[in-house]
Every structure is written in structure tokens, then in C-alpha cells.
Amino acid sequence: AQKITQTQPGMFVQEKEAVTLDCTYDTSDPSYGLFWYKQPSSGEMIFLIYQGSYDQQNATEGRYSLNFQKARKSANLVISASQLGDSAMYFCAMRDLEGGSARQLTFGSGTQLTVLP
Amino acid sequence: DVKVTQSSRYLVKRTGEKVFLECVQDMDHENMFWYRQDPGLGLRLIYFSYDVKMKEKGDIPEGYSVSREKKERFSLILESASTNQTSMYLCASSSSGIFLGNTIYFGEGSWLTVV
């Protein structure tokens, strides 16, 4: 079963507007961590934000916030005031203890975001 | 800042060649990873290593091997390259400790084309 699902292969947003990138996950482990990464066309994966399953509040980092809905198993990334430099591929990822190893991350298929001027 | 460096950004190899992808990190991290990235599939884990000379298979290890002789260096080896191994390869590292928020840091990726 797919552990991380990103249903939006591509998204467009107007500059200065907010955009939400969807991510749903599947785990039976009550302890897990959720991550978002940005990958510009240069290829490097840039860590954006982290949310732990026991965190009481939604994570925020500058213009990035994570809309964490535990009951729905969703961890959507919200980018406020989009900039042209936000155009990139965005990946949602999860770490849990299923399978016995918590060292690696499991990634979704990604969403290509294009910010329009 | 964490720096993960992959030695080759772009490679073109012939079918059947032995291919080495090299990765070095400068943060004294215990864990190192090799992921493969393909359109529509996201990143898939090939192998990871949690210590020198230690390795574990990831989700897609077939056709690959790895080597970790020094803590800072993790090599991915394609023993006999095939066209279905044409892909983007990403190396990553993280500190030790199995805690949920342990961030994994990535290199810039190596684009491999097998012809």
C-alpha cells in the first residue's frame, strides 16, 4: 500500500497568492513524522518543514505552514504569498517505525508547482 | 551548513558498463542513503548505511550495490548498467539517533543516462 499520496501532479498559482499542496499518508504507527521538501530545477532537495504526530500545533516556517489533520491523515503544505522562486517540485515524506527501521523517509510522487507572474 | 556532495552531476554510460556514483558528506553523519528519483514515482530508497561497512537494502536494491569504507563517503555501484537504470540518483545523510524529526540532507543529484 502506498504510504504517501500526493494527488496533484501539477499546480499553478498566481504570484502573491496562497497555495495548498495536498498530502495524505497511511500508517498504523501512532508515532510518525511528516516532512516537506522542495526540489528546484537544479535538483537539490531542500528541507522545508517538519510535523510530529504528537505535536499539538501545526508547524510553521516563514511562509510555509503545515495543515495537519490527524484524523484525516493529511499533512497539506500551505505556501503564503507565493513568489516566482517557489516554482519547484514539492515532496511530502514520512518516517514511522513500521518495518523496523526509522532511519529513512518514504516519499510521495511529488507536485510540480508553477508560480505565474 | 550540511554539505552533501555528489561527484558527478551528469553521466552517460553504455549498457553493461560498471558505474560508480560517489557521495561525500562533511557533517560527520552516521547515516547515509541512496535514493532513485523517477517521474511519477517520487524517491525510492535503494540502500542505506548506518555505519562504516554496514549497509541495509532499501525498497529497490536489485542491480545495485554500495560501499562505505569511510564514514564520510558512500558509493553506489551499478555492476552492469542497464537502460532501465537511467534515472536521477540522490545521495543523502543524517545524524545518528532514531528519532522522528531527524532531518535527512540531500546532495544535488546525479543524472545517469545508460545508452
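Just so you know, the protein sequences line up as chains P and D, in that order.
Residues 1 to 117 (our numbering) make up the first sequence, in order.
Residues 1001 to 1115 (our numbering) make up the second sequence, in order.
Where a beta carbon is used, it is the ideal one built from N, C-alpha and C, also for glycine.
Beta-carbon neighbours of residue i, restricted to chain D and to distances below 7 angstroms
| i | result |
| --- | --- |
| P:L105 | I1104 |
| P:S87 | Here the premise fails: no neighbours, minimum Cβ distance about 17 angstroms. |
Other residues of its chain near residue i: CB distance less than 7 angstroms, five sequence neighbours each side excluded
| i | result |
| --- | --- |
| D:V1004 | C1023, Q1025, C1091, A1092, S1093, Y1105, F1106, G1107 |
| P:I4 | C23, Y25, C92, A93, M94, T106, F107, G108 |
| P:F12 | T114, L116 |
| P:Q6 | D22, C23, C92, G108, S109, G110, T111 |
Within-9 angstroms CB hit, residue i to chain D
| i | result |
| --- | --- |
| P:A75 | no |
| P:Y37 | yes |
| P:F182 | Past the edges of chain P, shown from 1 to 117, lies residue 182 of chain P, and the structure says nothing about it. |
Endpoints, beta strand (DSSP E) assigned at residue i
| i | result |
| --- | --- |
| D:S1075 | 1073–1078 |
| D:Y1050 | 1042–1051 |
| P:I49 | 46–52 |
| D:D1028 | Where D:D1028 is concerned, there is no enclosing beta strand (DSSP E), given that its DSSP letter is neither H nor E. |
| D:S1082 | From DSSP, D:S1082 is part of no beta strand (DSSP E); its letter is neither H nor E. |
| P:I79 | 74–79 |
| D:K1055 | 1054–1057 |
Short CB-CB distance (under 9 angstroms) between residue i and chain P
| i | result |
| --- | --- |
| D:M1054 | no |
| D:L1045 | yes |
| D:Y1064 | no |
| D:R1009 | yes |
Chain-order list of residues whose beta-carbon lies under 8 angstroms from that of residue i (same chain, five-residue window excluded)
| i | result |
| --- | --- |
| D:K1018 | I1077, L1078, E1079, S1080, A1081 |
| D:T1086 | L1112, T1113, V1114 |
| D:T1083 | T1015, V1114, V1115 |
Cross-strand partners of residue i (DSSP beta bridge)
| i | result |
| --- | --- |
| D:F1106 | D:A1092 |
| P:Y32 | P:D96 |
| P:Y90 | P:K38, P:T111 |
| P:C23 | Looking at the DSSP assignment, P:C23 forms no beta bridge with any residue, so it has no partner. |
| D:L1011 | D:L1112 |
Residues of its chain near residue i, where Cβ-Cβ distance is below 6 angstroms and the 5 sequence neighbours each way are ignored
| i | result |
| --- | --- |
| D:M1032 | S1049, F1074, S1093 |
| D:L1045 | Y1035, G1058, D1059 |
Neighbouring residues, chain P, relative to residue i (Cβ below 8 angstroms)
| i | result |
| --- | --- |
| D:M1088 | G43 |
Within chain D, partners of residue i - CB distance below 8 angstroms
| i | result |
| --- | --- |
| P:L109 | The sequence shown places Ser at residue 109 of chain P, not Leu. Simply G1040, L1041, G1042. |
Partners in chain P for residue i, counting only beta-carbon separations shorter than 7 angstroms
| i | result |
| --- | --- |
| D:F1020 | Simply none; closest approach about 19 angstroms. |
| D:L1112 | Here the premise fails: no neighbours, minimum Cβ distance about 12 angstroms. |
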